[in-house]
Amino acid sequence: MKIIFIILISLLFSENNSLNQWNLKKLYSNQIKNNNNNLQNQHNNTILSNSIDVDNYIVGPGDKFFINYAANDITFSNYIVISKLNDIIIPNIGMINLKNLTLSQSYDKIRNIFIKKYSSSKIDITLTDTRKFYINIYGTTSGPSKILTNPLEKVSDVYEKIVSNINLSEDNNLTYRNIILKRNSVNSSIDLLKYKRLGVGHNPYVLEGDAIYLSNYKKYIDIYGGVDNPGRYEFKNNEFLMDLINICGGLTEEININDIRVSRFTNKQEFPSEILINDDIDNFLTFEYDHIIIPKNNSIKKIVHIGGEVNIPGYYFLEKNMSVNDLIDKAGGYTIKANKSKLMINNEILSKMHDHEFNRINLIPPQNRTLSEISYVQSRSLIEKGSIISNDDYLTNKILKYNLNINDKVYVPVLINYIEIIGAVKNPGRYPFTEGLSISDYINEAGGKSDKYRGNIFIMNSFNQKIEVSKKFNRISNGDIIFIETKENFNTWNKLKESMSLIGQLATLIAVIQSASN
-9 MKIIFIILIS
1 LLFSENNSLN
11 QWNLKKLYSN
21 QIKNNNNNLQ
31 NQHNNTILSN
41 SIDVDNYIVG
51 PGDKFFINYA
61 ANDITFSNYI
71 VISKLNDIII
81 PNIGMINLKN
91 LTLSQSYDKI
101 RNIFIKKYSS
111 SKIDITLTDT
121 RKFYINIYGT
131 TSGPSKILTN
141 PLEKVSDVYE
151 KIVSNINLSE
161 DNNLTYRNII
171 LKRNSVNSSI
181 DLLKYKRLGV
191 GHNPYVLEGD
201 AIYLSNYKKY
211 IDIYGGVDNP
221 GRYEFKNNEF
231 LMDLINICGG
241 LTEEININDI
251 RVSRFTNKQE
261 FPSEILINDD
271 IDNFLTFEYD
281 HIIIPKNNSI
291 KKIVHIGGEV
301 NIPGYYFLEK
311 NMSVNDLIDK
321 AGGYTIKANK
331 SKLMINNEIL
341 SKMHDHEFNR
351 INLIPPQNRT
361 LSEISYVQSR
371 SLIEKGSIIS
381 NDDYLTNKIL
391 KYNLNINDKV
401 YVPVLINYIE
411 IIGAVKNPGR
421 YPFTEGLSIS
431 DYINEAGGKS
441 DKYRGNIFIM
451 NSFNQKIEVS
461 KKFNRISNGD
471 IIFIETKENF
481 NTWNKLKESM
491 SLIGQLATLI
501 AVIQSASN
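So for the sequence shown, my numbering puts the first residue at -9; every next one is plus one.
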């Protein structure tokens, strides 16, 4: 009986063991089948611009390896992804941590661990797909707050993604030369313009945890003339002029360094001053808002200048058919303080030319000059030779269309709202101009008429015209002078003596005439 029981138990265990073996074989067969299907469907979505540098590529969570080995009747061929803790688990080998290792170091570590267990076998490892991660973006108005990237992309690649996702009307001056990369609490500055133009500078591959800080730049430098890529450039601290010239493509031809003109705002001055290079272009440090002109050979004569209330005053090259309005546009347009209704242009070449008629009249004694000659001298004294001055919108708009000449100097005056009232008022002087006020209003503003008021009122306008007006006159323009005529101050006794003298002379003349007629 015992023998029969033992036989039954043995058969039962044998059946269960066969069943377990069958289940394991089925399971393993399904796994191999699934793995083969997965292997056929695997593909890499990363587009490479360069091959991966195994000595510099840092592996991390999400990187995918393909590992193949055969040892002691065990065969393994499959993909393994690095976990979020930087671990991989290889069947029959165990868990391996790859934190902060390069790709080559990771290969070596896996092989060394494998060889320790299977010294007579070989393992093949390759990176098949790179991880993807988000990095934070700060400082844009319309751009994304984070960008999906991978460790094969540099800061320049991420920047291009940012630019493709911003609204240029809101971020039209996005920095390109002062990008901040924050990594492990350390900030580094990146100049992508220098990297793009010269192929040098800091442009690292991005890593998890990186943050990029951008801004819309406000400080700039203008450089024109003998460089391959003239124009406006974002200002960068501690940059030498020669470095900027190289970024602009270098000089187009041999130039005289002493001909380079730099207009610079110094000591918080309202208008820029001209800075000399003094043959030291390599050590000449640029400043914010510098306006740099590099004349080409023989082009120094083809220069115009604009000053006053424009955003970028300074020297500019005279281009073909360049109008006054074109020059103002090149100078960044009007400032908010500009008086757009007034404009002044003079020319040093014309001002130095002799006015032979004026010189001829000056040789004639004043008492011997004709009325026409007197009028010419008076007219010449009102305006400098070679100049044109506009004081109203109509003439200014016409002048803006005029073509410029060599050595023209354009000046845009500041807008000051004022009128001046002088003469027979209690408080003569300058008063704020208000559109629509009459002469009577301004007289009251000046304290009213004084005792010397004679009754006549005149306007001296911007055209040097003297116009008699009434108290109700209100077509007054900014900058006009209101003259309230005063009574003449004179000594009665002196006037009586002058009158008696005149009467005596007339009596003598009459007596002479009568004597001659007799």
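Yeah, the Cβ is synthetic: ideal placement off N, Cα and C, and Gly gets one too. These numbers come from a predicted model, not from an experiment.
Per DSSP, Y185 lies in no beta strand (DSSP E); the unbroken alpha helix (DSSP H) holding it starts and ends at L182 to L188. For I282, the enclosing beta strand (DSSP E) covers residues H281 to I284. In the three-state reduction of the DSSP assignment, D249 falls in the helix class, which pools H, G and I. Uninterrupted beta strand (DSSP E) stretches at least 3 residues long and entirely within the segment 60 to 148 occur at 64 to 71, 77 to 80, 84 to 87, 113 to 119, 123 to 128 and 136 to 139, given in chain order. Assignment of beta-bridge partners to K54 by DSSP yields V71 and D119.
In this structure, R101 places its C-beta atom within 8 Å of the C-beta atom of I113. Residues G129 and T165 of the same chain have their beta carbon placed closer than 7 Å to that of S205, with the five preceding and five following residues left out of the count. F448 and K456 have their C-alpha atoms spaced approximately 6 Å apart. With respect to the C-alpha of I293, the residue from E309, G438 and E278 having the closest C-alpha is E309.
The residues D382, D383 and T386, in chain order, have a CB closer than 7 Å to that of S331 in the same chain once the five nearest residues on each side in sequence are set aside.
In this structure, the beta-carbon distance from V314 to Y392 falls below 8 Å. The closest CA to that of I267, considering only E278, D280 and D249, is found on D249. Around the Cβ of Y149, a 10 Å sphere holds 16 or more other Cβ atoms; the residue is buried.
Comparing alpha carbon positions, the residue from K442, S159 and I296 closest to L394 is I296. DSSP links A328 through a beta bridge to V404. In the structure shown, the three-state DSSP call for F423 is coil. Counting along the chain, the unbroken beta strand (DSSP E) around R173 starts and ends at I169 to R173. The segment 68 to 80 makes contact with the segment 43 to 56; the number of CB pairs closer than 8 Å reaches 3 or more.
The Cβ neighbour count for V415, taken over all protein chains shown within 10 Å, is at least 16; the residue is labelled buried.
A straight line joining the alpha-carbon of L275 with that of F307 spans about 23 Å.
Between S146 and L182, the beta carbon gap of about 5 Å places them in contact (Cβ cut-off 8 Å). When beta bridges are read from the DSSP output, K439 appears opposite V415.
When the beta-carbon positions are compared, D270 and G239 stay at least 8 Å from each other.
Closest in C-alpha terms to L333, from the list H346, I326, G322 and I318, comes I318. A Cβ-Cβ separation of about 47 Å leaves F463 out of contact with I500 under the 8 Å criterion.
One Cα belongs to Y366, the other to K208, and the distance between them is close to 51 Å. Contact fails between the segment 417 to 424 and the segment 338 to 358, because fewer than three Cβ pairs, one in each stretch, are under 8 Å apart. Cβ atoms of I211 and Y203 stay farther apart than 8 Å, at about 22 Å. Here the alpha carbons of I115 and I57 stand approximately 5 Å from one another. Only residues of its own chain outside the window of five on either side were considered, and among them D181, L183, E224 and K226 have a CB closer than 6 Å to the CB of R167, listed in chain order. The residue among N329, K461, L340 and A436 with its C-alpha nearest the C-alpha of V404 is N329. Taking the C-beta atoms as reference points, I378 is found no nearer than 8 Å to I406. Judged by pairs of C-beta atoms under 8 Å, the segment 121 to 138 touches the segment 149 to 159, as three or more such pairs exist. Here DSSP, grouped into helix, strand and coil, assigns A201 to strand.
Partner residues in a beta bridge of M490, as assigned by DSSP, do not exist.
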